[in-house]
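Peer 1: Under the numbering used here, the letters of the sequence shown match residues 80 to 799, in that order.
Note that beta-carbon positions come from the ideal geometry of N, C-alpha and C, so glycine has one too.
Please read all numbers here as calculations on a predicted model, not as lab measurements.
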Amino acid sequence: MEQMPNLPVSYPIKTLKDLEDARYYSSFDFMFNKSSVKLKKSTSKAKRPRLLACHDYKGGYVDDQWVQGSGNGDAFTLINWRLLDIFVYFSHNLVTLPPPGWVNAAHKHGVQVLGTFITEWDEGYKVCQELCATEDSARNYAILLADLAQALGFDGWLINIENRVPELVPNLLVFVSSLTDSMHAWVPGSTVIWYDSVTTDGRLYWQNRLNELNKPFFDNSDSFFTNYQWQEIWAKESGDLAEGRRFDVYMGIDVFGRNTFGGGGYQCDVALKAAKEGQVSAALFAPGWTYENNEDDDRWWRTIYSCWPDARTDQIQLPFYSDFDVGRGRAFFLEGKQVSGLPWSNLSSQNLQPLLRVDSSSSKQLRVALRQDCPVYSGGSSVNMDGNIASDEICIFQLYNTAVHVETTRDETCLNVTYSVLTQNSSNFCLAVRTEHHHGACSIHFLLDMEGEAIDAFEPTYELGQTTVIFDYSTRTSESEVPETAEESASAESSGSVQLWSRRRFTLTQDKYIITGVFGVCSTAEDLRPLLIKLLQENGSAFDPGNFLSRDAEDKSEADEVGAESNDAYHAVLGHISLAGTFHDCHFAYPDQRFVGKNIAWIEGAGGEKSLSVNLVWRGHPDKTNWERFHLYAKTSNSDDADLSSLEYLGLAVVEAFYVFERQVPKQSNAVKFYLQPQCGCGKLQNLASCATYKQSVPPPSSKMWIKPQPTLKDWLFNH
């Protein structure tokens, strides 16, 4: 009997034979490894010094190998994407294919993702002999690599030849140029980078700069990544040699500090400043150093921000949704409800990360941070706001710096904005949306939660110079209890201390405009309006981006003082925000949705216990901007009742498949019913009662669906 599949994983291709025979495309894992997020706009060709990060975390394929997510709530991830232009996934295997979670997370932030082709030492020389045996072989292998990148949805390759190639340089240049040309033809805007290793005479001789001994490889590729032992003057000299392509030269910086210029670690800024002054780009190798060495990740990234500030707008288009998920958590939540109490990580779940830049005048009163502990609205994290804010003060922080064009629809431009917030005691919070118009004027919409007579106390609009202040008032769509653990929830209910998420919805109506910023406004005042008017009367540019501290400007000692002296204690949690056109349709009633099971296998243990493995596949909506992700649930029962309270959350999918592996089925159950819940690009979930379902009944003893127990997952991975 053919062995059944196992949990889908990401893995490298280890030999040229495996690359050539293309078995990867027919593997069970292939469809799960396709990225689902297209790169809409990249800065990888920007005419300025750029920043690259090269992965190399514990050799690669750790928690991120589990395409459907791992059980490690502290897995390595990145959230500072807005600093980066390119991300390279690296391992010491011949062909390193980036796991789709990294591609999806990076693409949401406008960052390119490259795989790695590497040969090393004596075995690498043998590989290069086969690779570069003829010009045709060099071209053919280049085409195979380009085909993989196109099929899986990533954006190029880092080429690293770490072995001598004395007689092979001419055909090696053919390989490099063919790969570059093929990538450009099949993946427009793609990037092929040559690593500083061998020279034009075939020696393995790191130059630590661009010079005449390695420039032909640079000339036949898109970019050049130097080795790490360079000198300060070599940055400018390398850029000068590259002439009009100076920003395509990346000066390598080993974050572990292994003989690297500047020393690495918390001194990476030394090398970054030298690269920037030389008007070339920089490449950070192994930013996972903070995780591997238990260093302060926030402190390290503040060092990077201090000398390499981001200069891009956030990648937002309508519909837009973010629950500020970082791609991991201690539990999993959906719309204010805990659906799983297990720790998890899945980079495909990461949403566009917020700036969280505090207004310079508010930095001592307010601390804003992403946190994974309760309360969480959706995913695994929320924006927490804490501090001491007096009732006559107001604090502002920037969530997103955007350039979203809102077009005229049906004679008017309408935008639905929804957000969820939890506030304690006298804490007050509102969202602010800044817009600009074609004639240069701007408007600031303050999205307030007020009712009744209080609304009429102020005019809805105020003209303050070139700025129009607009007060919008919410329609509360619903309130939900803040989820706790089972024990905490029972205690909260008995004491009457259950907190509520407030979901607020607004409709903004104006002429054609551009959304240029989204902000949070915090105060302990009962009515924010007089404070907001006063603020803008005194400082009409209060919501301009330049007034908000970048992360390097945050003084940690001052931040620690927040809460040390008691004015009015402030605490609020922002759960999500959503932007969508008024006429946006989630199409949850799409009639052609199909949901079936394949690769079905049942196993019965010696004690009569049963387990089910099944590959759930479906057809989503053809407009991928509508259904961006899917949530899977299961229920075991002896009847087909409508009670959904006992559903078990299985996980998140971003492709149209999810593999259930050896799910335990109680002895008394005669069926397992699966539920498929689409989530729209605006964040809305389809009602579970109307979701597609698939039912798998326990087969009779004679069925071919019963199989013998398979090798353990560990054995399977070891031999994969």
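(1) By how many angstroms is the C-alpha of His517 removed from the C-alpha of Ser115?
(2) Go through the segment 739-774 residue by residue and report every complete run of the beta strand (DSSP E) that reaches 3 residues or more, in order.
(3) Among Val255, Gly654 and Tyr592, whose alpha-carbon lies nearest the alpha-carbon of Phe303?
(4) Quick check: what's the CA-CA separation for Gly531 versus Arg583?
(5) Report the option in Tyr204, Glu538, Ala469 and Tyr728 whose CA atom is closest to the CA atom of Gln147.
(6) Run the CB neighbour count on Trp313, radius 10 Å, all protein chains shown included, and call it buried at 16 or more, exposed below.
(7) Counting only runs that start and end within the segment 258-343, where is the alpha helix (DSSP H) found for 4 or more residues in a row?
(8) Roughly how far, in whole angstroms, is the beta-carbon of Thr392 from the beta-carbon of Ala482, given that I think they are within contact range, below 8 Å?
(9) In chain order, which beta strand (DSSP E) runs of at least 3 residues are fully inside the segment 409-472?
(10) Among all the DSSP beta bridges, which residues are the ones paired with Tyr592?
(11) Is it the case that the segment 397-416 contacts the segment 646-659, given that we only count it when at least three CB pairs across the two stretches are under 8 Å?
(12) Assign Tyr104 to buried or exposed, taking buried as 16 or more other Cβ atoms, counted over all protein chains shown, within 10 Å of its Cβ.
(13) Just the Cα atoms here: how many angstroms apart are Gln545 and Phe297?
(14) Run the CB neighbour count on Ser460, radius 10 Å, all protein chains shown included, and call it buried at 16 or more, exposed below.
(15) Please report the residue range of the beta strand (DSSP E) in which Ile165 lies.
(16) Taking Gly406 and Leu426 to be in contact with their CB atoms under 8 Å, please state how far apart those CB atoms are, rounded to whole angstroms.
(17) Beta-carbon separation of Ile238 and Tyr274 under 9 Å?
(18) Which two residues bound the contiguous beta strand (DSSP E) that contains Leu615?
(19) Check the C-beta distance from Asn172 over to Cys207 and give it rounded, since I have them as a contact under 8 Å.
(20) Arg673 by DSSP, collapsed to three states: which one?
(21) Is Asp623 helix, strand or coil by DSSP?
(22) Asn802 and Asn306: beta carbons closer than 9 Å?
(23) Quick one: what's got a C-beta closer than 7 Å to Thr564's C-beta in the same chain, skipping five residues either side?
(24) Report all residues from its chain with a CB closer than 8 Å to the CB of Leu252; omit the five preceding and five following residues, and keep chain order.
(25) Once you ignore the five residues that flank Ser573 on each side, which residues in its own chain have a CB closer than 8 Å to its CB?
(26) Pull the bridge partners of Trp706 from the DSSP assignment, please.
(27) Report yes if the C-beta distance between Asp108 and Pro87 is below 9 Å; otherwise report no.
(28) Within this structure, are the beta carbons of Leu510 and Phe598 separated by less than 9 Å?
(29) Rounded to whole angstroms, what is the Cα-Cα separation between Ile395 and Asp215?
(30) So for Lys96, helix, strand or coil by DSSP?
(31) Look at Ser424 and Asn151 and say whether their C-beta atoms are less than 9 Å apart.
(32) Would you mind giving the Cβ-Cβ distance between Ser470 and Thr603, rounded to the nearest angstrom? I have them listed as a contact below 8 Å.
(33) Do you know how far the Cα of Thr540 is from the Cα of Ile523?
(34) From the DSSP output, read off the bridge partner residues of Tyr728.
(35) When the Cα atoms are used, what is the spatial distance from Ser123 to Ala533?
(36) Could you say which of Leu131, Leu711, Ser149 and Phe622 lies nearest to Arg161 if we only look at CA atoms?
Peer 2: With the structure as the only source:
(1) 35 Å
(2) 750-759
(3) Val255
(4) 16 Å
(5) Tyr728
(6) buried
(7) 294-298 and 311-321
(8) 5 Å
(9) 411-413, 416-419, 445-450 and 461-467
(10) Val485
(11) yes
(12) exposed
(13) 50 Å
(14) buried
(15) Ile165 to Val167
(16) 4 Å
(17) yes
(18) No beta strand (DSSP E) holds Leu615; the alpha helix (DSSP H) holding it covers Arg608 to Glu617.
(19) Not confirmed; about 16 Å, so no contact.
(20) coil
(21) coil
(22) What is shown of the chain runs 80 to 799, which leaves residue 802 out entirely.
(23) Legend: pLDDT at Thr564 = 47, less than 50; position of this residue unreliable, value from coordinates given subsequently. Only Gly420 meet the Cβ criterion.
(24) Pro295, Phe296 and Asn299
(25) Caution is warranted here: a pLDDT of 39 is assigned to Ser573, below 50, making its placement in the model unreliable, and no coordinate value can be reported.
(26) Cys759
(27) yes
(28) yes
(29) 43 Å
(30) helix
(31) yes
(32) 5 Å
(33) 10 Å
(34) Tyr712
(35) 50 Å
(36) Leu131
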